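Working notes, structure below.
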Amino acid sequence: MAYQTPDSKKEEFRKYLEKSGVIDALTKVLVGLYEEPERPPNAVDYIKRYVGAPTGIDVEALRQENEALRKEREELRSTINELNARLAGGEGATDD
Numbered sequence: 007m008a009y010q011t012p013d014s015k016k017e018e019f020r021k022y023l024e025k026s027g028v029i030d031a032l033t034k035v036l037v038g039l040y041e042e043p044e045r046p047p048n049a050v051d052y053i054k055r056y057v058g059a060p061t062g063i064d065v066e067a068l069r070q071e072n073e074a075l076r077k078e079r080e081e082l083r084s085t086i087n088e089l090n091a092r093l094a095g096g097e098g099a100t101d102d
């Protein structure tokens, strides 16, 4: 691997940010902040809101919900497999 000077690393990173659209996105958000008729009380929250980092999300609650949904999915899969086995074995015909 070739040695890179700090300046060349910075330039490479700048090109990466530009190519991936990060610079344009940040510029649009900052221009929007500049053009606000009234300055928001918290500029960082303004930037987070428009860059896509939602505020006020309870990550732990989402993890718990995700785990509960995973368990429910597994239970449903188990039920489906059980019902398919009954159908394949002819156990499902009990409507005499």
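Going from the sequence shown to our numbering is simple: count from 1 and add 6. Even glycine gets a Cβ: it sits at the ideal position worked out from N, Cα and C. Source: prediction; values computed, not measured.
Straight-line Cα distance separating residue j from residue i
i: residue 72; j: residue 91; result: 29 Å
i: residue 45; j: residue 36; result: 12 Å
i: residue 65; j: residue 75; result: 15 Å
Span of the alpha helix (DSSP H), counted from its first residue to its last, around residue i
i: residue 63; result: Segment: none, residue 63 is in no alpha helix (DSSP H) and carries neither H nor E.
i: residue 55; result: 49 to 57
CA nearest to the CA of residue i, picked from the options
i: residue 32; options: 52, 89, 13, 11; result: 52
i: residue 57; options: 39, 66, 69; result: 39
Mind pulling the alpha helix (DSSP H) runs of 4 or more residues that sit fully within the region 7 to 32?
12 to 25
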